[in-house]
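Visitor: Chains as they are written, first to last, in the working numbering: chain A, 1 to 65; chain B, 66 to 793.
All C-beta atoms, glycine included, are put in the ideal place defined by N, C-alpha and C.
Sharing a structure here in structure tokens format.
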Amino acid sequence: MKQAVLSHWDLPWLPLTAMVIFIVCFSAYVYWTFRTDNESFYEDVSQIPLEDPKTVGPLSKGQWQ
Amino acid sequence: MSSTHTSPPTANRRLETFSYDDQIVKSFVIATVLWGAVAILLGVVIAFQLAEWRLNFGVPWLTFGRLRPLHTNAAIFAFCGNAIFAGIYYSHQRLCKARLFSDLLSRIHFWGWQVIIVLAAVTLPFGITTGKEYAELEWPIDLLITTIWVVFAVNFFGTLVRRRERHIYVAIWFYIATIVTVAVLHIVNSMELPVTLLKSYSLYSGVQDALVQWWYGHNAVAFFLTTPFLGLMYYFIPKAANRPVYWYRLSIIHFWSLVFIYIWAGPHHLLYTTLPEWAQTLGMVFSIALWMPSWGGMINGLMTLRGVWDKVRTEPGLRFMATSLTFYGMATFEGPLLSIKSVNAIAHFTDWIPGHVHSGTIGWNYMMIAGVLFYLVPKLWNSELYSKKLANLQFWFATIGLVFYIVSMWVAGITQSLMWRAMDDAGRLIYPNFIETVVKIVPMYWVRAIGGTLVLVSFFLMIYNLYMTAKRGKKRGVEVYESYALDDSSLEPGASSHRKLEGLPMVFSVLSVVAILVGSAIEIVPSLMAKNYIVKMDVVRPYTPLELYGRDIYIREGCYTCHSQTVRPMTHEVLRYGKPSEAAEFVYDHPFQWGSKRTGPDLARAGGKYPHMWHYKHFYDPRAVTAGSIMPRYTWLFDNKIDYSTLSKKLAVMKKLGVPYATEEITNAVAIAQAQAAEISKELVENGVPAKIEQMEVVALISYMQRLGVDYGQLPETPVELPSTEVK
């Protein structure tokens with residue numbers, strides 16, 4: 001019985017499709033990420049958490065938030 | 066510090082002032098520590114209950130089966146959930162240089178989430194549960210979760226739209242993946258048809274339900290306990306170390322790989338079950354592939370500390386974060402290892418799995434939360450950390466407690482597994498009585514409980530330390546900041562496609578959804594068409610009304626937390642339990658009850674194995690029939706009368722779900738159930754049980770137990786037809 005059920009479920013195209021999709025997507029974002037003209041940009045944006053905006057003082061009444 | 070990456074010439078740019086909403090962050094921080102204490106306390110209680118059954122106290126709502134779902138839900142959604150919201154709201158505002166989209170939505174989000182937690186705390190101990198692990202909450206609470214999650218999403222994306230920073234920093238990518246994926250997981254897995262306000266049945270059954278449930282269950286770990294924490298890691302570690310992330314490019318590869326791969330790995334929870342082989346293989350392969358992004362993230366986090374390792378020694382927050390990443394690395398090494406079929410054959414259903422889970426939830430999540438709280442609380446309350454010594458003490462309590470936990474569960478798990486499969490030269494089980502394998506590991510349950518207690522002590526130390534830190538804080542006014550508004554001048558002409566994408570939150574979100582939906586669709590869509598593949602067996606019939614009622618009691622009491630209902634095609638399992646399970650056996654199981662742990666034996670073939678009287682005695686006092694049993698007593702089943710009022714409705718709902726009940730069966734459900742109860746109680750009464758037992762819940766549960774695996778189990782074995790080329 002188990003054999004019969006599994007033979008109905010035999011879908012080899014599924015893992016193959018998965019593999020192809022993954023390889024295509026992975027190649028694409030590796031290419032984009034490691035393009036040489038992006039190097040300095042990524043070095044810069046890695047600083048974002050360390051950049052605090054300028055403090056201009058405590059909140060006054062009616063000030064925009 | 067400043068940079069020029071998104072700062073074109075400032076002429077003509079509008080300077081804006083704004084403030085952050087840190088009050089909401091404070092609220093979530095307080096909720097985190099409160100619910101964290103509750104979650105860990107519950108964990109310690111149930112750990113001791115496994116070591117000593119008397120600690121169930123004979124009270125229904127204090128039994129392991131009911132408290133365990135509460136513990137897992139509290140740890141994941143209350144403790145980690147509140148921590149995620151605190152960390153996201155703090156970092157998201159700063160990374161966007163904008164106040165949260167709406168103060169009102171923030172408050173609705175906070176109070177709505179706390180109401181959900183309270184409702185979980187009220188319903189689960191009373192046995193109001195769907196019986197699906199990590200998704201036990203009933204349908205009205207599911208709807209509330211969906212609503213509050215949408216509120217969170219609107220607040221989050223609204224803030225993103227109002228941001229003053231062109232580039233969306235990588236931490237936010239992880240937050241986006243979390244928000245969209247959790248929404249998809251929750252909605253798909255929670256599809257259920259209500260019977261009453263507090264009772265529903267899963268839309269899916271058997272194999273379908275198993276696949277959907279573990280697609281959800283695995284990805285709840287992925288997208289509730291991993292991606293948001295990775296986002297927090299990418300913000301708080303650079304912040305606490307005052308250094309940029311080690312390799313930003315790696316973080317991009319990390320993100321897309323993790324999001325894409327994680328979603329496929331769910332079936333590794335169902336290896337050797339009746340799930341299709343291709344799905345099992347797919348789950349295993351993608352689980353192994355997860356090593357790559359997981360370790361990429363861990364390395365990126367740890368290497369961010371290059372040059373400041375001395376701070377790990379002196380700064381408690383950084384120490385917790387670094388340790389958290391180490392445990393993340395360990396857990397994400399162990400996870401794929403456990404997904405390899407040959408390893409899984411040994412580890413699945415054993416205590417190794419809770420050991421693995423807790424190396425993640427305590428080692429990775431708790432430690433990261435502690436690190437984030439040690440960063441946040443002094444900043445939010447304008448104070449200095451009260452005591453580094455206490456923090457160090459907390460660190461050692463937590464670490465040693467966790468090591469106790471993990472090692473004891475490794476030992477228990479491997480011992481169990483080796484004993485289950487031990488066979489002599491004649492091919493007989495050496496330990497045919499399951500209880501022998503339980504008694505052997507009880508000492509390890511004590512070690513685990515002690516380890517958990519140490520973790521609880523560490524948590525209380527943290528609460529005290531944070532409370533004193535906050536108490537010593539000095540009041541200050543709301544800070545106002547200024548930054549340039551985001552306008553077209555910050556766009557980069559000629560930037561690469563991915564660079565542009567990184568500035569487009571909505572397109573980015575859609576692509577994240579596509580990434581997770583590809584894997585989900587390929588896994589789940591064929592399963593949703595399972596009816597076309599699974600050949601129904603005439604011998605497998607729907608549960609009788611009384612059996613269905615008994616099944617609901619089984620779910621209510623959380624029996625699935627200790628017993629599985631699926632026999633794997635392994636020699637030792639067939640010898641111990643009977644024929645391997647078949648997909649067609651479960652077509653009427655809404656929800657499936659395969660379980661994930663065998664603290665007690667598998668019950669898939671329990672029907673007819675013992676007389677009714679054995680079950681009667683067993684539920685009243687398991688030690689009366691199984692010396693050394695650690696199962697609690699279920700004495701209230703002998704006092705609670707069967708409530709027939711909704712029985713017909715239950716059958717009607719089941720019929721809507723595709724279970725072939727005849728109209729007469731639905732109409733006469735009560736009479737049919739009463740007749741079966743009378744039949745069972747007749748045998749009990751002959752053995753000296755009072756006649757009133759016929760009306761009690763225990764009879765319904767016995768009827769269900771006696772039905773398990775009977776239909777298919779009674780079929781004679783059929784020889785396997787080999788292909789002609791192999792027949793010599």
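Roughly how many angstroms separate the alpha carbons of T790 of chain B and G428 of chain B, rounded to a whole number?
Guide: One-based indexing of the second sequence puts residue 790 of chain B at position 725. One-based indexing of the second sequence puts residue 428 of chain B at position 363. Below a pLDDT of 50, predicted positions are generally treated as unreliable, and T790 of chain B, at 45, falls in that range; the measurement from the model is reported next regardless. Distance between the alpha carbons of T790 of chain B and G428 of chain B: 53 Å.
Visitor: Grab the span of the alpha helix (DSSP H) containing E748 of chain B for me, first residue to last.
Guide: By one-based count along the second sequence, residue 748 of chain B stands at place 683. First-last of the alpha helix (DSSP H) with E748 of chain B: A734 to E751.
Visitor: So which residues of chain B does V20 of chain A contact, with C-beta pairs closer than 8 Å?
Guide: Residue 20 of chain A sits at position 20 when you count from the first residue of the first sequence. Correct list: empty, because the minimum Cβ distance to chain B is about 11 Å.
Visitor: Out of B:V245, B:K197, B:M395 and B:Q158, point me to the one whose CA is closest to G271 of chain B's CA.
Guide: Reading the second sequence from its first residue, position 206 is the one you call residue 271 of chain B. With distances taken between Cα atoms, G271 of chain B lies closest to B:K197.
Visitor: Check whether the Cβ atoms of P293 of chain B and F239 of chain B sit closer than 8 Å, and answer yes or no.
Guide: As a working note, residue 293 of chain B is residue 228 in the second sequence. As a working note, residue 239 of chain B is residue 174 in the second sequence. Their beta carbons are under 8 Å apart, which means P293 of chain B touches F239 of chain B by this criterion.
Visitor: Could you confirm whether any beta carbon from chain A is found closer than 8 Å to the beta carbon of I587 of chain B?
Guide: Position 522 of the second sequence, counted from the first residue, corresponds to residue 587 of chain B. Yes, its Cβ sits closer than 8 Å to a Cβ of chain A.
Visitor: Quick one, which of B:V245, B:I182, B:V277 and B:L170 has its alpha-carbon nearest T224 of chain B's?
Guide: Here residue 224 of chain B refers to the residue found at position 159 when the second sequence is read from its first residue. Nearest option by C-alpha distance: B:L170.
Visitor: For K2 of chain A, which residues in the same chain have their Cβ closer than 6 Å to its Cβ, ignoring the five residues on either side in sequence?
Guide: In the first sequence, residue 2 of chain A corresponds to position 2, counting from 1. Residue placement at K2 of chain A is flagged as unreliable, the pLDDT there being 44, under the threshold of 50; a coordinate-derived value is accordingly withheld.
Visitor: Kindly indicate which three-state DSSP category H544 of chain B falls into: helix, strand or coil?
Guide: Along the second sequence, one-based indexing puts residue 544 of chain B at 479. The sequence given here places Glu at residue 544 of chain B; His does not occur at that position. The answer is strand: DSSP assigns E544 of chain B an E or B state.
Visitor: Can you name the residues of chain B whose CB is closer than 9 Å to the CB of L16 of chain A?
Guide: Here residue 16 of chain A is taken as the residue at index 16 of the first sequence, counted from 1. In chain order: nothing, as chain B lies at least about 10 Å away.
Visitor: Using the three-state DSSP reduction, which class does F217 of chain B fall into: helix, strand or coil?
Guide: Residue mapping note: residue 217 of chain B aligns to position 152 of the second sequence, counting from 1. Correct three-state label for F217 of chain B: helix.
Visitor: For a contact defined as C-beta to C-beta under 7 Å, what are the partners of I48 of chain A on chain B?
Guide: Within the first sequence, residue 48 of chain A is the residue found at index 48, counting from 1. By Cβ distance, chain B contributes L160, E230, H232 and Y234.
Visitor: With a threshold of 16 other CB atoms inside 10 Å of the CB of F83 of chain B, please say whether the residue is buried or exposed.
Guide: As a working note, residue 83 of chain B is residue 18 in the second sequence. Buried.
Visitor: Tell me, please, which residues DSSP counts as bridged to T264 of chain B.
Guide: Taking the first residue of the second sequence as position 1, residue 264 of chain B is located at position 199. Before going on, a small fix: residue 264 of chain B reads as Lys here, not Thr. Answer is B:T261.
Visitor: What did DSSP end up calling F93 of chain B once you bin it into helix, strand or coil?
Guide: As a working mapping, residue 93 of chain B is identified with position 28 in the second sequence. In the structure shown, F93 of chain B sits in a helix (DSSP, three-state: H, G or I).
Visitor: Less than 8 Å separating the beta-carbons of G660 of chain B and M696 of chain B?
Guide: Stepping through the second sequence from its first residue, residue 660 of chain B is reached at position 595. Stepping through the second sequence from its first residue, residue 696 of chain B is reached at position 631. In this structure, M696 of chain B does not lie closer than 8 Å to G660 of chain B by Cβ.
Visitor: Comparing the C-beta of V24 of chain A with each C-beta of chain B, is any distance below 8 Å?
Guide: If you number the first sequence from 1, residue 24 of chain A lands on position 24. So no, V24 of chain A is outside the interface.
Visitor: By how many angstroms is the C-alpha of P49 of chain A removed from the C-alpha of D375 of chain B?
Guide: Locating residue 375 of chain B in the second sequence gives position 310, counting from the first residue. Locating residue 49 of chain A in the first sequence gives position 49, counting from the first residue. Going by the C-alpha atoms only, they are around 21 Å apart.
Visitor: If we define contact as Cβ-Cβ less than 8 Å, is V310 of chain B a contact residue for chain A?
Guide: Here residue 310 of chain B refers to the residue found at position 245 of the second sequence. So yes, V310 of chain B belongs to the interface.
Visitor: In the DSSP assignment, find the unbroken beta strand (DSSP E) run with K54 of chain A in it and report its ends.
Guide: Sequence index remark: in the first sequence, residue 54 of chain A carries index 54 (1-based). Per DSSP, K54 of chain A belongs to the beta strand (DSSP E) from K54 to P58.
Visitor: Inspect the beta-carbon positions of T426 of chain B and L290 of chain B and report whether they are closer than 8 Å.
Guide: Residue 426 of chain B sits at position 361 when you count from the first residue of the second sequence. Residue 290 of chain B sits at position 225 when you count from the first residue of the second sequence. Yes, these two residues count as a Cβ contact at 8 Å.
Visitor: Going by DSSP in three states, M571 of chain B sits in which element: helix, strand or coil?
Guide: Position 506 of the second sequence, counted from the first residue, corresponds to residue 571 of chain B. Here M571 of chain B sits in helix by DSSP.
Visitor: For T36 of chain A, decide whether its Cβ has a neighbour in chain B, counting only Cβ atoms nearer than 8 Å.
Guide: The count along the first sequence starts at 1 and reaches residue 36 of chain A at position 36. Taking Cβ atoms only, chain B never reaches closer than 8 Å to T36 of chain A, which makes this a no.
Visitor: In the structure shown, what three-state DSSP assignment does T480 of chain B receive?
Guide: Position 415 of the second sequence, counted from the first residue, corresponds to residue 480 of chain B. Note: T480 of chain B maps to helix in three-state DSSP.
Visitor: Write down every uninterrupted run of the alpha helix (DSSP H) in the region 93 to 140 of chain B whose length is 4 residues or greater and which is fully enclosed by it, in chain order.
Guide: Complete alpha helix (DSSP H) runs here, min 4: 129 to 138.
Visitor: Would you call M66 of chain B buried or exposed, if buried means 16 or more other Cβ atoms sit within 10 Å of its Cβ?
Guide: Residue mapping note: residue 66 of chain B aligns to position 1 of the second sequence, counting from 1. Low confidence applies to M66 of chain B: its pLDDT is 37, below 50, so where it sits in the model is not reliable enough to give any reading.
Visitor: Could you tell me which chain A residues have their CB closer than 8 Å to the CB of S322 of chain B, listed as they occur along the chain?
Guide: As a first step, residue 322 of chain B must be located in the second sequence, where it is residue number 257. Ordered by position in chain A, the residues that pass the 8 Å Cβ test against S322 of chain B are F26.
Visitor: Between the alpha carbons of T728 of chain B and L716 of chain B, how many angstroms are there, rounded?
Guide: The residue labelled residue 728 of chain B in the question sits at position 663 within the second sequence. The residue labelled residue 716 of chain B in the question sits at position 651 within the second sequence. Spanning the two alpha carbons is a distance of roughly 9 Å.
Visitor: Which whole-angstrom value is the C-beta distance of S283 of chain B and H334 of chain B, which I expect to be below 8 Å?
Guide: As a working note, residue 283 of chain B is residue 218 in the second sequence. As a working note, residue 334 of chain B is residue 269 in the second sequence. The displayed chain sequence assigns His, not Ser, to residue 283 of chain B. Between H334 of chain B and H283 of chain B the Cβ distance is about 6 Å, and since that is below 8 Å, they are a contact.
Visitor: With DSSP as the reference, label M349 of chain B as helix, strand or coil.
Guide: Here residue 349 of chain B refers to the residue found at position 284 of the second sequence. If DSSP states are grouped into helix, strand and coil, M349 of chain B belongs with the helices.
Visitor: Would you mind reading off the limits of the alpha helix (DSSP H) that contains E28 of chain B?
Guide: Since the first residue of chain B shown is 66 and the last is 793, residue 28 of chain B is not available in this structure.
Visitor: Following the continuous alpha helix (DSSP H) through L445 of chain B, name the residue where it begins and the one where it ends.
Guide: On the second sequence, residue 445 of chain B is found 380 positions in, with the first residue counted as 1. Per DSSP, L445 of chain B belongs to the alpha helix (DSSP H) from M432 to L445.
Visitor: Would you call S710 of chain B buried or exposed, if buried means 16 or more other Cβ atoms sit within 10 Å of its Cβ?
Guide: The sequence position of residue 710 of chain B within the second sequence is 645, counting from 1. Counting Cβ neighbours within 10 Å, S710 of chain B comes out exposed, since fewer than 16 surround it.
Visitor: If I434 of chain B sits next to A148 of chain B, beta carbons under 8 Å apart, how far is it from one beta carbon to the other, in whole angstroms?
Guide: The residue labelled residue 434 of chain B in the question sits at position 369 within the second sequence. The residue labelled residue 148 of chain B in the question sits at position 83 within the second sequence. Right, their Cβ atoms sit about 4 Å apart.
Visitor: Among B:A412, B:R384 and B:P725, which residue has its Cα nearest to the Cα of Y337 of chain B?
Guide: The residue you call residue 337 of chain B lines up with position 272 of the second sequence. Measuring from the Cα of Y337 of chain B, the nearest candidate turns out to be B:A412.
Visitor: Counting only the same chain and skipping the five closest in sequence on each side, list residues whose C-beta sits under 7 Å from that of Y451 of chain B.
Guide: As a first step, residue 451 of chain B is located in the second sequence; it is residue number 386 there, counting from the start. Counting only Cβ-Cβ distances below 7 Å, and skipping sequence neighbours, we find N530, M533, T534 and R537.
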